[in-house]
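S.K.: Numbering (the working numbering), first residue to last: 3 to 292. This is the structure I want to talk about, given as structure tokens.
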Amino acid sequence: MDRIGKWLCVGGMLAMVLLAGCASDPNLRKQEYLESGNRYFEQHKYREAAIEYLNAIQVDKSFADAHYKLAECYLQEGNWGSAYVELYRTVELQPNNSKAQLELGGLLLTSKQFKSAQERSQLVLKQDPDNPDAHILSANAYAGIDDFQQSLRQMQMASQLAPNRPESYLNLGHLQQDASQLAEAEQSFHKAIALNPKSMEAHLALGNFLTQERRWTEAEEQDRLALSLRGVAGPQRDAEIGAVTRLMRAGRLSEVDRAPAITALEDDFAAAIGTAAATRYTTANSPVAE
């Protein structure tokens, strides 16, 4: 074998050794799995991404980034129990992961564990006193235990810290409404709509508020806007909504007729708006309504 051939042979052997070393390096392997999962995640392929994150965790059970990304996959798929487990594991490994703390707090809030949710918000606020999401979580946790004074204080702080976020004003409006601060609540709902005119939730919230104030025409307008923003309002559904609201406002929809009218609107999420409208405008039959 000539000299060049020998060097090529040696070079090839060295390359094989290096490749084998890379393949056996757990840090490189887990990072490759994580990056592969991230690519799937960006394509909204959450199941495929979850498999890659699980592979990374098999390499290193303490790989916090993989636990967190796996939790995000579960959240996207609505697998709340598994998301809770992975978020809890994440904050055990990374206590300073504010986003994971807040998402865990949100799940605790949903399951009515208000004290535990409040603890998560406080952990974040100790690190970042100006975190608006932490103030929102704190406000909702206080509301869960009927401490509306503290709840309003926290939500007002959130809206001041993030004045361009409609969600802050929407939440603030709900709390003000619960606290009978009606003028302030209406102002907050309008502010949320001004910041995001295409927010279905904001239009529904304002509609509910206007219904309680017996401002039927304005409430109906908000319901219709919300329905149109859902993108499912075809001619037939428009006719159903229109018929229900007209009959109720005219006081010509009896309890017997009301049930099938509502049922006709219960095929999808837009039905929630129709059902809300049906419930609201039935109140217009009251002698108090004009």
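C-beta atoms are modelled at their ideal positions from N, C-alpha and C, and glycine is treated no differently.
1. Compare the C-alpha of aspartate 148 against each of Asp132, Leu177, Ala58, Lys128 and name the closest.
2. Counting only runs of 3+ residues fully inside the segment 158 to 240, write out the beta strand (DSSP E) ranges in chain order.
3. So is tryptophan 218 buried or exposed if we call it buried at 16+ other beta carbons inside 10 Å?
4. Do the segment 118 to 126 and the segment 79 to 91 touch if we need at least three Cβ pairs shorter than 8 Å?
5. Just verifying my parser: in three-state terms, what is the DSSP assignment at alanine 274?
6. From leucine 208 to lysine 114, what does the alpha carbon distance come to, in whole angstroms?
7. By how many angstroms is the C-alpha of glutamine 224 removed from the C-alpha of leucine 212?
8. In its own chain, which residues sit with a C-beta less than 7 Å from the C-beta of proline 168, not counting the 5 before and 5 after it?
9. Taking just the CA atoms, how far does serine 170 sit from glycine 108?
10. Answer with buried or exposed for histidine 46, where buried requires no fewer than 16 other C-beta atoms within 10 angstroms of its C-beta.
11. Sort Leu139, Gln156, Ala164, Ser38 by Cα distance to leucine 104 and report the nearest one.
12. Locate the alpha helix (DSSP H) running through glutamate 295, then write down its first and last residues.
13. Please classify alanine 221 as buried or exposed, where buried requires at least 16 neighbouring CB atoms within 10 angstroms.
14. Report the three-state DSSP secondary structure of glycine 80 (helix, strand or coil).
15. Quick check on the burial criterion: 16 or more other C-beta atoms within 10 angstroms. Buried or exposed for aspartate 132?
16. Mind checking serine 182: buried by the 16 CB within 10 Å criterion, or exposed?
17. Identify, in the order they occur along the chain, each residue of the same chain with its Cβ nearer than 8 Å to the Cβ of tyrosine 90, setting aside the five sequence neighbours on each side.
18. Just tell me which of Leu206, Asn210, Gln214, Arg216 has its CA closest to the CA of leucine 231.
19. Grouping DSSP H, G and I as helix and E and B as strand, with all else coil, what is asparagine 40?
20. Around the C-beta of glycine 80, are 16 or more other C-beta atoms found within 10 angstroms, so that it is buried, or is it exposed?
21. Which value, in whole angstroms, describes the spacing of the CA atoms of leucine 110 and leucine 163?
22. Taking serine 161 as the reference, which of Pro134, Arg41, Tyr70, Tyr35 has the closest Cα?
23. For the segment 115 to 148, list the alpha helix (DSSP H) runs that are entirely contained and at least 4 residues long, ordered along the chain.
M.R.: Let me lay it out:
1. Taking the sequence shown and counting its residues from 1, one reaches residue 148 at position 146. Taking only the C-alpha atoms, the option nearest aspartate 148 is Leu177.
2. Secondary structure within the segment 158 to 240: not one fully enclosed beta strand (DSSP E) run of 3 or more consecutive residues is present.
3. As a first step, residue 218 must be located in the sequence shown, where it is residue number 216. By the beta-carbon neighbour count (other beta carbons within 10 angstroms, threshold 16), tryptophan 218 is buried.
4. no
5. Residue 274 sits at position 272 when you count from the first residue of the sequence shown. Here alanine 274 scores only 46 on pLDDT, less than 50, and its place in the model should not be relied on; the value that follows carries that caveat. In the structure shown, alanine 274 sits in a helix (DSSP, three-state: H, G or I).
6. For the purposes of this step, residue 208 is taken as residue 206 along the sequence shown, with counting starting at 1. For the purposes of this step, residue 114 is taken as residue 112 along the sequence shown, with counting starting at 1. Answer to the nearest angstrom: the Cα atoms are 25 Å apart.
7. Here residue 212 is taken as the residue at index 210 of the sequence shown, counted from 1. Here residue 224 is taken as the residue at index 222 of the sequence shown, counted from 1. When rounded, the distance between both Cα atoms is 9 Å.
8. In the sequence shown, counting from the first residue as 1, residue 168 sits at position 166. The residues Ala194, Leu197, Asn198, Ser201, Ala204, in chain order, have a CB closer than 7 Å to that of proline 168 in the same chain once the five nearest residues on each side in sequence are set aside.
9. Translated into positions along the sequence shown, residue 108 becomes position 106. Translated into positions along the sequence shown, residue 170 becomes position 168. Approximately 15 Å, taken between the alpha carbons.
10. One-based indexing of the sequence shown puts residue 46 at position 44. Exposed: under 16 other Cβ atoms inside 10 Å.
11. For this step, residue 104 is matched to residue 102 along the sequence shown. Comparing Cα-Cα distances from leucine 104 to each of Leu139, Gln156, Ala164, Ser38, the minimum goes to Leu139.
12. Residue 295 lies beyond the residue range present for the chain, which begins at 3 and ends at 292; the question has no answer from this structure.
13. Mapped onto the sequence shown, residue 221 falls at position 219. Alanine 221 should be labelled buried.
14. What you label residue 80 is simply residue 78 of the sequence shown in a count that begins at 1. Glycine 80: coil per DSSP, three-state reduction.
15. Taking the first residue of the sequence shown as position 1, residue 132 is located at position 130. Looking at its Cβ environment, which holds fewer than 16 other Cβ atoms inside 10 Å, aspartate 132 is exposed.
16. For the purposes of this step, residue 182 is taken as the residue at position 180 of the sequence shown. Note on serine 182: under 16 other CB atoms within 10 angstroms of its CB, so exposed under the neighbour-count rule.
17. Against the sequence shown, residue 90 aligns to sequence position 88. Closer than 8 Å at Cβ, skipping near neighbours: Leu106.
18. Sequence index remark: in the sequence shown, residue 231 carries index 229 (1-based). Checking every option, the nearest Cα to that of leucine 231 belongs to Leu206.
19. Position 38 of the sequence shown holds residue 40. Looking at asparagine 40 - three-state DSSP - the assignment turns out to be helix.
20. Residue mapping note: residue 80 aligns to position 78 of the sequence shown, counting from 1. Glycine 80 is exposed by the Cβ-count criterion.
21. Taking the first residue of the sequence shown as position 1, residue 110 is located at position 108. Taking the first residue of the sequence shown as position 1, residue 163 is located at position 161. About 24 Å.
22. The count along the sequence shown starts at 1 and reaches residue 161 at position 159. Residue Pro134 holds the alpha-carbon nearest to the alpha-carbon of serine 161 among Pro134, Arg41, Tyr70, Tyr35.
23. 116 to 129, 134 to 146
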